[in-house]
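One structure is given below, encoded as structure tokens.
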Ligand code: G6P
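In the numbering used here, the protein residues as written are 402 to 1011.
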């Protein structure tokens, strides 16, 4: 959450900063600001509440110039959405700061700084960084030394970039908990909270590590670790697509990303599986030896990624014969848990930077898990770097805040993990073959499923005036119902709950009336007859149902039930296939309601604070 961009160059950096902010806007979008060191030795700061476009418009009114600058797009944590709380924050017109994360001890820092004579102009924790560095500059001429001294006082998570009006040649950056990446240019260097921001200007990146502080000038980058020792960090050539920030003719990123699913699932499978099964070492060298010893799997994730993990639990126990638990990262990290012998910890994350998931991984290392694997979409992210093994989903950059293609590639990855672990746990030959075939057919099935869009657009009309909805599924479709409900909540703001349909009569049945649409996911599997009984229970109470069903499942539309046929698919991939119509339903309902589909209110794409 929050996006940071900074640049030190010969040329005017305003356009670079604004383009970077636009590319990061999905991470936070309640206010934005920029600070530029001008030729006459002053700092020109412009801030606006609302989208980055408001800042662009404001800057369009003036001829903003500066070859050193910092910029920020905010997702408020401390202090409301006001211009005064937008970054960059100043101290005495000398030090300017942008910050991502939370300084947890900001209240005590603030009290001390007020006693030292500093005046606060915002309610943010970030302003304490500016004043602390300004105070440290009383003891040194070096911004770097001042930042190194200051960070010792900060508790919490931060990725911060600091600029000093008296020294326009440099930016100093510090990372603890919130990611920062340095972009290397020719005679110019950059900093950002995410490489996406800098792809128009460079492909060469250094990912800072925990505790790093770095000084960046036009021609040099000097990095110091948490103990203050000078360190070299690897330079990585990025393979992320430059134009991933483009909507490719679609009205929204979300719709583009929904339609990309056949391609990105194919990419995720490529060179990893063929007719004979998994290719060697797809989870990394040595992974198979670790998998041979695994007796239990513990999955940890948040949000949509958590739903992928819930689905995986059904698969790992059903097909791979291995016991599996799944828990939300924010719960796992704050409770005492028992580690099963020979347990593999699996984290799942689109971004690889979710604060709770990362903290859970770090805790798991202390607890003595045998090994850790992350299923992740962002190369070089913190989870990838800190896990023993990493399996990259190849969804490409996902910009829409509501996750779509990341989810289906995560599920694809989990079916491959099911094969890999099943190999050591007597997976039944016919199950193994069924999963292999289903995966090979998956991209084509996804294409076929997307072709049912039209029916769903019509259906959305019937939903848009409702305030509540209920999603039902059974078995490995229960997490898919949960994901469908989450999508609807996130982008259409309609209250949606998901239930395992067997739970219907234990409470939610009391809510059923014609104002509460019930969405049912009904593939043709062994639980179909049970699901049909649940459908009858709803019908008997006057409920209106929308059933996504295999045509062989023999559901027929009538006054109380609308049936949408989903292409027939093999059992193991059914959860992936049934995800698509639910994504489309949410999208079209949001479209009718006129909400901000790609940047829904109050949410952020990457939750890098607790
Ligand atoms: C946020 C996003 C969700 C995402 C969740 C976990 O809430 O809005 O779409 O599922 O974070 O993120 P991760 O990057 O760890 O998958």
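Built from N, CA and C at the ideal position, the CB exists for glycine as well.
Since we're looking at a predicted model, the values are computed, not measured.
Residue i: CB within 7 Å of a non-hydrogen atom of ligand 1
i, result
"residue 586", "no"
"residue 478", "no"
"residue 404", "no"
"residue 986", "no"
"residue 809", "no"
"residue 1004", "yes"
"residue 797", "no"
"residue 450", "no"
"residue 802", "yes"
"residue 468", "no"
"residue 1007", "yes"
"residue 893", "no"
"residue 788", "no"
"residue 751", "yes"
"residue 758", "yes"
"residue 704", "yes"
"residue 712", "no"
"residue 755", "yes"
N-terminal and C-terminal residue of the beta strand (DSSP E) that residue i is part of
i, result
"residue 947", "946-951"
"residue 614", "614-618"
"residue 748", "744-750"
"residue 404", "404-409"
"residue 939", "Where residue 939 is concerned, there is no enclosing beta strand (DSSP E), although the alpha helix (DSSP H) it sits in stretches over 929-941."
"residue 1073", "As shown, the chain starts at 402 and ends at 1011. That puts residue 1073 outside it, with no answer to give."
"residue 699", "697-702"
"residue 910", "It is not in any beta strand (DSSP E) - residue 910 carries neither H nor E in the DSSP assignment."
"residue 728", "724-729"
"residue 692", "Segment 688-694 is the alpha helix (DSSP H) holding residue 692; no beta strand (DSSP E) there."
"residue 920", "919-923"
N-terminal and C-terminal residue of the alpha helix (DSSP H) that residue i is part of
i, result
"residue 437", "From DSSP, residue 437 is part of no alpha helix (DSSP H) but of the beta strand (DSSP E) over 432-438."
"residue 576", "Per DSSP, residue 576 belongs to no alpha helix (DSSP H); it is in the beta strand (DSSP E), 571-577."
"residue 536", "527-537"
"residue 509", "507-516"
"residue 829", "Premise fails: residue 829 is in no alpha helix (DSSP H) and is neither H nor E."
"residue 417", "415-425"
"residue 662", "662-670"
Residues of its chain near residue i, where Cβ-Cβ distance is below 6 Å and the 5 sequence neighbours each way are ignored
i, result
"residue 649", "657"
"residue 456", "433 and 449"
"residue 519", "532"
"residue 958", "964"
"residue 956", "948, 950 and 964"
"residue 662", "806, 809 and 847"
"residue 889", "895, 897 and 987"
"residue 459", "447 and 449"
"residue 725", "698, 714, 717 and 718"
"residue 883", "708 and 899"
"residue 1012", "Outside the displayed span of the chain (402 to 1011) sits residue 1012, for which this structure offers no information."
"residue 556", "505 and 506"
Residues bridged to residue i [DSSP beta-bridge criterion]
i, result
"residue 351", "The shown model of the chain, from 402 to 1011, leaves out residue 351, and the question about it has no answer."
"residue 555", "In DSSP, residue 555 forms no bridge with anything."
"residue 588", "In DSSP, residue 588 forms no bridge with anything."
"residue 625", "614 and 631"
"residue 608", "582"
"residue 839", "Answer by DSSP bridge pairing: none, since residue 839 is not bridged."
"residue 447", "435"
"residue 593", "406 and 582"
Beta-carbon proximity list for residue i, same chain, < 7 Å, skipping 5 on both sides
i, result
"residue 511", "521 and 529"
"residue 783", "580, 753, 754 and 759"
"residue 599", "421, 584, 591 and 593"
"residue 541", "547"
Spatial neighbours of residue i in its chain, beta-carbon cut-off 8 Å, leaving aside the 5 residues before and after
i, result
"residue 905", "873, 935, 938 and 939"
- Sequence ranges, beta strand (DSSP E) only - wholly within the segment 874-903, length at least 3: Listed in chain order, the complete beta strand (DSSP E) runs (minimum 3 residues) inside the segment 874-903 are 896-901.
- Query: What are the complete beta strand (DSSP E) segments, minimum 3 residues, inside the segment 946-989?
  - Reply: Segments of the beta strand (DSSP E) lying fully in the segment 946-989: 946-951 and 962-967.
- Of all the alpha helix (DSSP H) runs that stay within the bounds of the segment 757-812, which reach a length of 4 or more residues? If only uninterrupted alpha helix (DSSP H) runs of at least 4 residues are considered, those enclosed by the segment 757-812 are 783-787.
- Write down every uninterrupted run of the alpha helix (DSSP H) in the segment 846-874 whose length is 4 residues or greater and which is fully enclosed by it, in chain order. Secondary structure within the segment 846-874: the alpha helix (DSSP H) runs of 4 or more consecutive residues, fully enclosed, are 854-864 (chain order).
- Task: Scan the segment 449-495 and note each continuous alpha helix (DSSP H) run of 4 residues or more that stays entirely inside, going in chain order.
- Result: You should have 453-461.
- Query: For the segment 629-660, which segments carrying the alpha helix (DSSP H) assignment without a break, of at least 4 residues, lie completely within its bounds, in sequence order?
  - Reply: Those alpha helix (DSSP H) runs which fall completely within the segment 629-660 and span 4+ residues are 654-660.
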